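Residue numbers (the working numbering), protein chains in the order written: chain V, 871 to 975; chain D, 871 to 975.
This report refers to the structure that appears directly beneath it.
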DNA sequence: TCTACGTTTCAAGAGTTCTATAAGTATCAT
DNA sequence: ATGATACTTATAGAACTCTTGAAACGTAGA
């Protein structure tokens, strides 16, 4: 991953609402959630949530799929994987043991 | 790591300058760099850099040590490790294999 | 003590992001 | 078609972040 790709991801995760959205979407897994469900679950007005979902989608952290008149959102695990790899490689000088990463333990 | 701890870290990394500072500090390792060196290396005015260093320090990503009239900054690897663990646990539902983390490969 | 140096703090301005209300688009049921 | 539902976009104001220049602070050396 390039710095130019990592930056918008950090920007996207640097809001409490967006971090909540993403964590929730990760937790529900591949089923994802529809915008209205997210709005109710997190108690964020739909119009505001839409704004933040756009940021998350733009960063690629979340994908949107139309489902009738609903809009289903899902967390993008692949990108999260890439981000973790970026932090491990780029930010740990390519030496995972330097950061004590024990993701495989 | 708690969400309340992760959020300021994402905020801190969501600026190009701060991400550059952090990556550079990681690269130079335990030696760290003094403010003036960082300013010259990244071509950021001292006063602006100081502003960003404060954000990074506040988030805990960087530590500052006085050295005569210099201020030496170092990357906080331990926190980066915690962040990676947070992303792996919290954001990958505690199932690293779900994210395909291969930091140990 | 005086001056120079490295860095931070302060204050002001421009630019961005956030939130809310209102209006718009698309889908479904009748 | 009509009306209701689900969601997004537009717009505007408040709040925040960023950048800069000037001033202040602390340390070091003459």
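Note that the Cβ used here is the ideal one computed from N, Cα and C, for glycine as well.
All values derive from a computational prediction rather than experimental measurement.
| Check | Outcome |
| --- | --- |
| Where residue 917(D) falls, given that 16 or more other Cβ within 10 Å makes a residue buried | exposed |
| Sequence-distant residues of the same chain with beta carbon closer than 6 Å to residue 935(D), five excluded per side | 942 |
| Bridge-paired residues (DSSP) for residue 956(D) | For residue 956(D), which the question treats as bridged, DSSP gives no partner whatsoever. |
| Residue 883(D) beta carbon less than 9 Å from that of residue 931(D) | yes |
| Residue from 945(D), 907(D), 921(D), 873(D) with nearest C-alpha to residue 897(D) | 945(D) |
| Cutoff 8 Å; reference residue 879(D); Cβ partners in own chain excluding five residues on either side | 929, 930, 931, 949, 953 |
| Buried versus exposed call for residue 951(D) [16 or more other C-beta atoms within 10 Å across all chains shown] | buried |
| Rounded Cβ spacing between residue 877(V) and residue 889(D) (contact assumed at less than 8 Å) | 6 Å |
| Through-space distance from residue 900(V) to residue 938(V), alpha-carbon basis | 18 Å |
| Reference residue 947(D); option with closest CA among 957(D), 933(D), 940(D), 907(D) | 933(D) |
| Which of helix, strand or coil DSSP assigns to residue 935(V) | strand |
| C-beta neighbour in chain V for residue 930(D), strict 9 Å | no |
| Residue from 913(V), 914(V), 915(V), 905(V) with nearest C-alpha to residue 927(V) | 905(V) |
| Proximal residues to residue 956(D) (C-beta, below 7 Å), its chain only, five neighbours per side dropped | 871, 876 |
| Near-chain D residues of the stretch 889-923 of chain V - C-beta to any C-beta below 9 Å | 889, 890, 892, 893, 896, 897, 899 |
| Any chain V beta carbon closer than 9 Å to residue 933(D) | no |
| For residue 886(D) and residue 914(D), the rounded distance between their alpha carbons | 11 Å |
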